[in-house]
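Participant:
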Amino acid sequence: MTMLVLENTVETLFSKDFHLLQALNAADLGCAVGPTTFTVISIIKRMMEKKCRELNCQTLELQVYLNDLPRNDFNTLFKGLSSKVVGNKCEKVSCYVMGVPGSFHGRLFPRNSLHLVHSCYSVHWLTQAPKGLTSKEGLALNKGKIYISKTSPPAITEAYLSQFHEDFTMFLNARSQEVVPNGCMVLILRGRLSSNPSDMESCFTWELLAIAIAELVSQ
1 MTMLVLENTV ETLFSKDFHL LQALNAADLG CAVGPTTFTV ISIIKRMMEK KCRELNCQTL
61 ELQVYLNDLP RNDFNTLFKG LSSKVVGNKC EKVSCYVMGV PGSFHGRLFP RNSLHLVHSC
121 YSVHWLTQAP KGLTSKEGLA LNKGKIYISK TSPPAITEAY LSQFHEDFTM FLNARSQEVV
181 PNGCMVLILR GRLSSNPSDM ESCFTWELLA IAIAELVSQ
């Protein structure tokens with residue numbers, strides 16, 4: 001489903017005459033070391049080639065920026081880039097890949113330089129632990145838990161929501177300056193059907209992780 005969204009997004013870009021450009025600039029934010037990012041590159045390139053054939057347009061170039069924090073293993077990432085992913089420079093769409101270390105919560109690229117931004121399961125992570133997790137006396141308000149549970153006080157939910165709002169606002173502000181007019185973003189992030197943050201649907205995984213961590217600490 002997510003890959004279908006990406007395919008449709010490339011279709012949308014071409015419907016806005018982006019194929020008249022000499023190069024399409026795409027960024028994968030929070031790329032890690034693959035293989036998802038390789039799939040993303042392949043899909044964008046394949047869809048560009050498809051649209052070029054349909055529109056009988058000139059040879060295009062695809063510039064892909066792979067972004068993650070500086071501590072990411074970029075060496076392993078680029079070793080995994082095979083000719084099957086980027087192809088060769090004689091094809092209808094030639095592909096060039098560049099690493100961009102840094103936090104995507106701030107500016108990473110020049111103004112109006114990106115046509116497509118993709119991020120898969122990265123944007124929902126917080127930049128830091130929220131403020132307000134302890135009382136004025138320094139006592140933990142969510143003692144014994146590493147997530148928002150049914151026993152967590154409302155202040156915990158508000159703290160995490162406030163931190164996400166701050167982080168996501170910084171992300172959107174940065175991208176609003178970097179993405180060209182009529183450019184597109186494909187953001188895939190964790191969500192839930194219920195408005196209740198302590199719903200079992202979203203807490204089941206965290207509960208298992210909490211049990212495992214508690215067991216490690218006890219040893």
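What the sequence shown shows, in UniProt numbering, is residues 1 to 219, in sequence order.
Even for Gly, the Cβ is constructed at its ideal location relative to N, Cα and C.
Predicted model, so just to flag it, every value in this text is computed and none were measured.
Does the separation of the CB atoms of Ser122 and Gly30 fall below 9 Å?
Facilitator: It is a contact, given that the beta carbons lie within the stated cut-off.
Participant: What residue range does the beta strand (DSSP E) around Pro110 cover?
Facilitator: Unbroken run through Pro110: none, as it is neither H nor E.
Participant: Would you decide whether Asn67 is buried or exposed? Buried here means 16 or more other CB atoms lie within 10 Å of its CB.
Facilitator: Counting Cβ neighbours within 10 Å, Asn67 comes out buried, since at least 16 surround it.
Participant: Pro181 lies in the alpha helix (DSSP H); which residues open and close that run?
Facilitator: Here Pro181 belongs to no alpha helix (DSSP H); instead the beta strand (DSSP E) covers Val179 to Ile188.
Participant: What residue does the alpha helix (DSSP H) around Leu4 start on, and which one ends it?
Facilitator: Leu4 -> alpha helix (DSSP H) spans Thr2 to Ser15.
Participant: I'd like to know whether the C-beta atoms of Gly175 and Val117 end up nearer to each other than 9 Å.
Facilitator: According to the sequence displayed, residue 175 carries Arg and not Gly. It is a contact, given that the beta carbons lie within the stated cut-off.
Participant: Rounded C-beta distance between Gln63 and Ala23? I'm assuming under 8 Å.
Facilitator: About 6 Å separates the two Cβ atoms, so the contact holds.
Participant: Can you give the beta carbon distance from Ser152 to Lys145, rounded, assuming they're within the 8 Å contact cut?
Facilitator: Right, their Cβ atoms sit about 6 Å apart.
Participant: Going by the beta-carbon positions, is the gap between Gly99 and Leu77 smaller than 9 Å?
Facilitator: Yes, they are a contact pair.
Participant: When the distance is taken between beta carbons, is His115 closer than 9 Å to Val180?
Facilitator: Yes, Cβ-Cβ distance for Val180 and His115 is below 9 Å.
Participant: Taking Ser218 as part of the alpha helix (DSSP H), name the residues at either end of that continuous run.
Facilitator: Looking at the DSSP string, the run of the alpha helix (DSSP H) that includes Ser218 is Met200 to Ser218.
Participant: From Leu216 to Ser162, what does the alpha carbon distance come to, in whole angstroms?
Facilitator: Going by the C-alpha atoms only, they are around 30 Å apart.
Participant: Buried or exposed, going by whether 16 or more other CB atoms sit within 10 Å of the CB of Ser15?
Facilitator: With fewer than 16 other Cβ atoms within 10 Å, it is exposed.
Participant: When the Cα of Gly34 is compared with those of Ser194, Cys120, His165 and Thr12, which residue comes out closest?
Facilitator: Per the Cα distances, Cys120.
Participant: Below 8 Å on the Cβ atoms is my contact criterion, and I expect Pro197 with Ala159 to pass it. Report the Cβ-Cβ distance as a whole number of Å.
Facilitator: That pair is no contact at about 11 Å.
Participant: Classify Gly80 as buried or exposed, calling it buried when 16 or more other Cβ atoms lie within 10 Å of its own Cβ.
Facilitator: Gly80 comes out exposed.
Participant: Excluding the five sequence neighbours on either side, which residues of its own chain have a C-beta within less than 8 Å of the C-beta of Val10, listed in chain order?
Facilitator: Excluding residues within five positions, the ones whose Cβ falls inside 8 Å are Ile43, Ile44, Met47, Met48, Lys51 and Leu116.
Participant: Helix, strand or coil for Thr76? Go by DSSP, reduced to three states.
Facilitator: Three-state result, Thr76: helix.
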